[in-house]
Every structure is written in structure tokens, then in C-alpha cells.
Amino acid sequence: MLWDMTTYIDTHTHLDFNDFDADRDAVLADSQRLGVQRLLIMGVSRSNWNTLWKLVEADPRLYAAFGLHPVFLDEHRPEDIQSLRERLECHLTHPRCCAVGEFGLDYLLTELDRERQQVLFEAQLQIAADVDLPVLLHVRRAHAPVVAALKRYKLRRAGIIHAFSGSFEEAREYIRLGFKLGMGGAATWPQAKRMHRVIAQLPADSLVLETDCPDMAPAFRPYQRNSPQNLPQICARLAELRGETPEQLAHQCLHNTCELFDWPVPAVS
Numbered sequence: 001m002l003w004d005m006t007t008y009i010d011t012h013t014h015l016d017f018n019d020f021d022a023d024r025d026a027v028l029a030d031s032q033r034l035g036v037q038r039l040l041i042m043g044v045s046r047s048n049w050n051t052l053w054k055l056v057e058a059d060p061r062l063y064a065a066f067g068l069h070p071v072f073l074d075e076h077r078p079e080d081i082q083s084l085r086e087r088l089e090c091h092l093t094h095p096r097c098c099a100v101g102e103f104g105l106d107y108l109l110t111e112l113d114r115e116r117q118q119v120l121f122e123a124q125l126q127i128a129a130d131v132d133l134p135v136l137l138h139v140r141r142a143h144a145p146v147v148a149a150l151k152r153y154k155l156r157r158a159g160i161i162h163a164f165s166g167s168f169e170e171a172r173e174y175i176r177l178g179f180k181l182g183m184g185g186a187a188t189w190p191q192a193k194r195m196h197r198v199i200a201q202l203p204a205d206s207l208v209l210e211t212d213c214p215d216m217a218p219a220f221r222p223y224q225r226n227s228p229q230n231l232p233q234i235c236a237r238l239a240e241l242r243g244e245t246p247e248q249l250a251h252q253c254l255h256n257t258c259e260l261f262d263w264p265v266p267a268v269s
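What the sequence shown shows, in the UniProt record's numbering, is residues 1 to 269, in sequence order.
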């Protein structure tokens, strides 16, 4: 396949959420028109895996990750870990089952029990190691315990730290472990000064693009439903912070994403 310099991959979406039920096909069509050629949909709980997979099977632009998100901790049951393993093993040879996720640690929400989160987190890291898939990690105010666990599990294919907003030193720790850093709408807000400084310093081969739609709306679409349609403009804002052209950043992020998921890097026209 021959793609041009303005091709994008949205590495983090929740397109299966009912926010898109009324116009999902139109959103996907317009996103493709704007250059967003592939999109990853995150599994967050056992209850959304079937809906997610039906969407992916029906549309070659969509790719699936399956996981147990820490925010839904009270919804998860002990047997869901075995169900996750079985689900991944069932789809492992399918080219559009590409990762374990979204999972991780969330210390921002104080009502989430940290010990239970840790058990769930490490169980999923073990599954990822066993099936040899990248991980897509949710990390809020928990960089130190996440890095510590990743150093123990030593995942061969690493993954993506979704919506990275940590320090440059924390970024460097993840990069040393082989991880890419997901960048999206949060960095477009003018008050995100520290993020702006960090993004300007990050090595180009560490970045991937994402929206987290319908959440994390960019500054140019405040308080609205986020969408993969916003990804090209998000890329342009990030490129400006880095002193690059949007085309340069888009192409580098495309290459980084394909490298992570062992996809052929498309030829560029």
C-alpha cells in the first residue's frame, strides 16, 4: 500500500462507546478522508470485548486491544483474568488483534484500591509476556510503581504509555524500556506548560499519536466529544511545539507505530 506524508494512525480510541452509536460510520469515513487510516480500539472490561471485536471484524481500518482498565476496578472479577488470556489466545493469529490494553495503574482516583490495582496490573503484564503482545498502559500519578513493575517483567515488545504527561526523567525511564509515548489533545491546551517543555525535548522515535476519543478533547474543540477527525490538527499543534512540520511528525509517528506493532512501514508517495 502506498500512503502519503499526511497519513495517521490513532493509537488509542474508544470508538465502541455509545458516544459514537449515532454517527460512527460517518466519523470513520471523514477520519479516513483526513488521512487517519488505522485506529486502535481499547478493551476496558470484559463487558465491552464482544462489541469491540464485532466492530473490528467488520472494518479493516480498525484494530483491537483487550484489557481490564483500572478505573473499572469494581466491575472486574477474578475470573476475568482467565477470560482475558483465553480471548487473546483465541485471536492471537488474527492480524488485527494487536495488543493487551487498556490497563495500568490509576493513583489519581483515591477510591481505587491500590493493592487490587497492582494485582490486576501485574496479572495482565504476565499475560502480555506470555502471548508476546505490546501493552497499552493507563498511568496516572503512578509512574514509579509502573516503571518498577515493567523492569521486573521485561516485556520484549514493550508498548505505549497512553496520554503521557510526566516529566522528562519519567519519559526517559519508559524510553529505556522500549516504550513509545502517546501524545494527544491534552498537550494542545495552553496551560500545559510542562508538557510543552517535555514534548519539545523527546526523541522523535519515542512518539505516537492518539486521541483517546471520546475523551481528552483538544483545546481547539473544548468540552466537545473528541474524535479521530481531530488527529491531524493535534499533530500540527504538537509539531509546532517541537519546531517541526506536521508532515515530519506525522511520518515519524507513523513509522514508530508500525515498528511497535510489527506492521510493514508503508511506502510514502
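Glycine included, each C-beta is placed from N, C-alpha and C at the ideal position.
Could you check how far apart the C-beta atoms of residue i and residue j are, in whole angstroms? I think they sit under 8 Å.
i	j	result
Ala64	Val71	Their Cβ separation, rounded to whole angstroms, is 19 Å, which puts Ala64 and Val71 out of contact at 8 Å.
Leu207	Leu181	6 Å
Leu125	Tyr153	5 Å
Pro228	Phe17	Contact doesn't hold; Cβ gap of about 13 Å is too wide.
Thr245	Asn230	About 19 Å; that fails the 8 Å criterion.
Taking the Cβ atom as the reference point for each residue, do residue i and residue j lie within a distance shorter than 8 Å?
i	j	result
Arg225	Asp19	yes
Leu120	His76	yes
Leu28	Asp59	yes
Phe164	Ala158	no
His138	Asp106	yes
Ala250	Thr6	yes
Ile234	Gly185	yes
Ile199	Met216	no
Gln118	Leu73	no
To the nearest angstrom, how far is the alpha carbon of residue i from that of residue j?
i	j	result
Val131	Phe66	12 Å
Pro232	Arg242	15 Å
Arg85	Trp53	15 Å
Phe168	Arg194	9 Å
residue 307	Ile160	Since the first residue shown for the chain is 1 and the last is 269, residue 307 is missing from the structure and cannot be characterised.
Leu40	Tyr8	12 Å
Leu2	Arg114	With a pLDDT of 48 at Leu2, under the threshold of 50, the predicted position of this residue should be treated as unreliable, and no value is reported.
Arg61	Val100	18 Å
Leu209	Ile81	29 Å
Pro264	Glu111	43 Å
Leu155	Ala148	12 Å
Pro78	Ala123	10 Å
Asn50	Val44	11 Å
Gln201	Trp189	18 Å
Arg87	Gln32	29 Å
Thr93	Lys151	28 Å
His69	Glu102	6 Å
Leu15	Arg46	16 Å
Val135	Thr11	12 Å
Asp205	Gln191	26 Å
Ala187	Leu238	7 Å
Arg141	Gly104	11 Å
Glu89	Asp262	18 Å
Arg24	Glu247	27 Å
Ala236	Pro218	12 Å
What are the boundary residues of the alpha helix (DSSP H) that includes residue i?
i	result
Glu169	168 to 176
residue 338	The shown model of the chain, from 1 to 269, leaves out residue 338, and the question about it has no answer.
Ala129	114 to 131
Ala144	143 to 153
His91	79 to 91
Gln252	246 to 260
Arg46	46 to 58
The beta strand (DSSP E) that contains residue i, what's its start and end?
i	result
Val198	From DSSP, Val198 is part of no beta strand (DSSP E) but of the alpha helix (DSSP H) over 193 to 201.
Cys98	97 to 106
Ala65	62 to 66
TODO: Answer yes if the region 213 to 230 comes into contact with the region 241 to 257, meaning at least three C-beta pairs across the two stretches below 8 Å, and no otherwise.
DONE: No, the region 241 to 257 does not touch the region 213 to 230.
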